[in-house]
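Colleague: Have a look at this one.
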Amino acid sequence: MAPRKKRYRHTVSKYFPLTTIDTLPDDILLEVFDRYRLVSAGDWSRLQGWYKLAHTCRRWRRLVFASSLRLSLQLRCTFGTPVVDMISHFLPYPLVLDYGPRLLKTWTTEDEHGLLFALQLLSRVKEIMLSASLSTLTEMTAVMVEAAPMLEHLTLHSQSTELVLPKSFLNGNAPQLRHLILTGVSLAGLSPLLSSSTSLVSLVLERVPSRAYFSPDSLIALIRSMPHLHTLSIGFLFTIPRPGFGSERLFASGPMIRVTLPALTQLIYRGVSAYIEALLARIQTPLIQDIDITLFNQLTLRVPSICRFIRDLETFRPTRARIHFAETSAHLVMSLSQPSESPDVSLSVSCPRLDFQVSAMAQICSCLSGADTVAVLLPPVIEELTLGFHQGSPPEEWHDEVDPALWRALFAQFWQARSLRIHVALVGDFERALRRLRQEATDEGPTEPVGIGEGLDLELLLPKLRTLVLLHGDDDDALASASKVLGAFIDERNRAGLPINVVTQDLSPLSWRPRSTALLVSGTGHSFQ
């Protein structure tokens, strides 16, 4: 007969009496509720977490409703919510109108009627997030003519063409507005609203259409009175602005006055270089920590203001540079060995062709090194250079179209690099860039490369290189081919007394850390450690 299992019970004794939550006084119970609100901040506002507390028992319900300010009770109106019934049966708590783009819901007639009803109570609205077609947004914003004294967050996302807000929008009065996100929305008519919002913390203007271009001077006139602005994000949709908006509108006609944005920590931009050049020439940001600039493609990139802006970052003296050639853009990220102590700086150029990407990166790096600026920068001492490449490689013939001179111009900016991390897909371009090019005396044929053993330029390109890391995926053939290509280059560097240590790093998802392997290069007899 199997032995009986012991049953353990909670026993009550005079030394350890059993205490339930019902015995807690109201002030302690309210403190527990408040902690729950802070820990589950997302669910508390998004799912109205206080509903659970209010429906537990009568005592909790009474305590929750009596502490509405401390517990930040709000009514969230969203897709599928019976807005009219909810607002009619609850006390006048602040309203959150959440019909934002992240929900990916389909508008119904009931949703539109409920939102129109809630918009009649703008004095109680704390957050507005709307994403809809132009017709729906036009209908909703047309009734938003009253002031919004409690409004803190406003997001308007036009899913189709440009939305022009009415002149009476919010009566130009939202003094508590802290976050303004506009996507596909014109700034026309928003000057009174922005002028009244001196507490603005983040201003995000995305997918600005060509007809909605605004000059840097107009933007600065709006943000100069925002001492708490932490984030400024501007993204234009097209390269060419509306007719009549020429380059002369980007530059001040009189003496240029620089404006200080004392709290700005994050700057994000996407558009033509002339615009961000004009903007950065006018502002100072002593606390900037995050710079993310994406430029539209153009044949010539002159970015002296961007370089000067980066130079003014006193704590930014990068030792690492990563250039990633993606499918539709090229990215340059510079950092210190300890990134937490340095601002995050990222410069990108939108273009699909590899040759355009290499040319753009060479021009930007030349400017950053001081070779293309009037006021010479302190040249960054880049000790480690990484050349990444997207896995979905473009057609192989694209590699042949990249002029080796472009690669040489890029490598020339990193002559102090002691370590090069390069994707195996770029090894062939790297090898061709190290050859001397011999121009024929006649015009009969194109430039032809000299043999690799005869033409390595050891004095001009990467003279301090000591470590070469081959970045690869699960394609062993590509790794072996890259190793073979590098064989003669390693021989030349060894004979010149500049030995290079070559290792590999697996980038496949199954590899969780860099690893070094020994590769036997066929035809050379060298073992890469």
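Take 1 as the starting number for the sequence shown in the UniProt record's numbering and just add one per residue.
From the three backbone atoms N, C-alpha and C, an ideal C-beta is built for every residue, glycine too.
Keep in mind it's a predicted model, so treat the numbers as computed, not measured.
Just to confirm before moving on: does the CB-CB distance between leucine 156 and leucine 182 stay below 7 Å?
Modeller: yes
Colleague: Which residue wins for smallest C-alpha separation from histidine 230, given the options Leu203, Leu222, Leu237?
Modeller: Leu203
Colleague: Quick check on this structure: which residue in Gln176, Leu279, Thr198, Asp22 has the alpha carbon closest to the alpha carbon of isoleucine 234?
Modeller: Of all alpha-carbon atoms in Gln176, Leu279, Thr198, Asp22, the one lying nearest the alpha-carbon of isoleucine 234 is that of Leu279.
Colleague: The alpha helix (DSSP H) with threonine 328 in it runs from where to where?
Modeller: Threonine 328: not part of any alpha helix (DSSP H); DSSP gives it neither H nor E.
Colleague: Sort Leu332, Arg320, Asp475 by Cα distance to aspartate 292 and report the nearest one.
Modeller: Scanning Leu332, Arg320, Asp475 for the CA closest to the CA of aspartate 292 turns up Leu332.
Colleague: Are the CB atoms of asparagine 171 and alanine 188 nearer to each other than 7 Å?
Modeller: no
Colleague: What did DSSP end up calling glutamate 127 once you bin it into helix, strand or coil?
Modeller: Of the three classes helix, strand and coil, the one that applies to glutamate 127 here is strand, per DSSP.
Colleague: Going by CA-CA distance only, name the one from His423, Glu492, Asn297 that's closest to glycine 473.
Modeller: Nearest of His423, Glu492, Asn297 to glycine 473, Cα basis: His423.
Colleague: Less than 7 Å separating the beta-carbons of leucine 151 and leucine 116?
Modeller: no
Colleague: Pop quiz: leucine 287 and threonine 265 are said to be a contact at Cβ under 8 Å. What is the actual Cβ separation, rounded to whole angstroms?
Modeller: 5 Å
Colleague: What is the DSSP secondary structure of threonine 183, reduced to helix, strand or coil?
Modeller: strand
Colleague: Compare the Cα-Cα distances from leucine 267 to each of Pro343, Thr106, Tyr99, Arg353 and report the closest residue.
Modeller: Pro343
Colleague: Confirm, please, whether the CB-CB distance from glutamine 120 to valine 96 is below 7 Å.
Modeller: no
Colleague: To the nearest angstrom, report how far apart threonine 294 and tyrosine 275 are at their CA atoms.
Modeller: 12 Å
Colleague: Spatial neighbours of leucine 510 within its chain, please: C-beta separation below 8 Å, excluding the five flanking residues on both sides.
Modeller: At leucine 510 the pLDDT is 46, less than 50, meaning the model places this residue with poor confidence; the figure from the coordinates comes in the next sentence. The beta carbon of leucine 510 sits closer than 8 Å to those of Asp474, all from its chain and outside the five residues before and after it, given in chain order.
Colleague: Looking only at C-alpha atoms, which of Leu368, Asn173, Val402, Arg418 sits nearest to glutamate 431?
Modeller: Each of Leu368, Asn173, Val402, Arg418 was checked against the Cα of glutamate 431, and the nearest Cα belongs to Val402.
Colleague: How long is the line joining the alpha carbons of glycine 114 and tryptophan 60, rounded to whole angstroms?
Modeller: 30 Å
Colleague: Quick check on the DSSP output: the alpha helix (DSSP H) that includes asparagine 494 runs from which residue to which?
Modeller: The continuous alpha helix (DSSP H) containing asparagine 494 extends over residues 476-495.
Colleague: Where do the N-terminal and C-terminal ends of the alpha helix (DSSP H) with glutamate 384 fall, by residue?
Modeller: Careful: glutamate 384 lies outside any alpha helix (DSSP H), inside the beta strand (DSSP E) at 384-389.
Colleague: Assuming leucine 194 is part of the alpha helix (DSSP H), what are its boundary residues?
Modeller: 191-196
Colleague: Relative to the C-alpha of glycine 100, which residue among His153, Ser72, Ile87, Lys52 is closest?
Modeller: Looking at the Cα atoms, His153 is the closest of the given residues.
Colleague: So, valine 502 versus leucine 468, is the Cβ gap smaller than 7 Å?
Modeller: yes
Colleague: Report the residue from Thr141, Pro94, Gln413 whose alpha carbon sits nearest the alpha carbon of serine 123.
Modeller: Pro94
Colleague: Would the beta-carbon of glutamate 127 be found less than 6 Å away from any heavy atom of the ligand FMN?
Modeller: With respect to the ligand FMN, the structure shown offers nothing to examine, as it has no ligands at all.
Colleague: Cα separation between leucine 471 and cysteine 351?
Modeller: 23 Å
Colleague: Return the first residue and the last residue of the alpha helix (DSSP H) that valine 164 is part of.
Modeller: Looking at the DSSP string, valine 164 is not in any alpha helix (DSSP H), and its letter there is neither H nor E.
Colleague: At the level of alpha carbons, what is the spacing between proline 25 and valine 64?
Modeller: 14 Å
Colleague: Leaving out five residues before and five after aspartate 111 in sequence, what residues of the same chain have Cβ atoms less than 6 Å from its Cβ?
Modeller: Excluding positions up to five away in sequence, the list reads Phe79.
Colleague: In terms of residue numbering, what span does the beta strand (DSSP E) encompassing threonine 136 cover?
Modeller: No beta strand (DSSP E) holds threonine 136; the alpha helix (DSSP H) holding it covers 134-142.
Colleague: Could you tell me which uninterrupted alpha helix (DSSP H) segments, each at least 4 residues in length, are contained entirely in the region 77-110, listed from first to last along the chain?
Modeller: DSSP runs (the alpha helix (DSSP H)) wholly in the region 77-110: 83-89.
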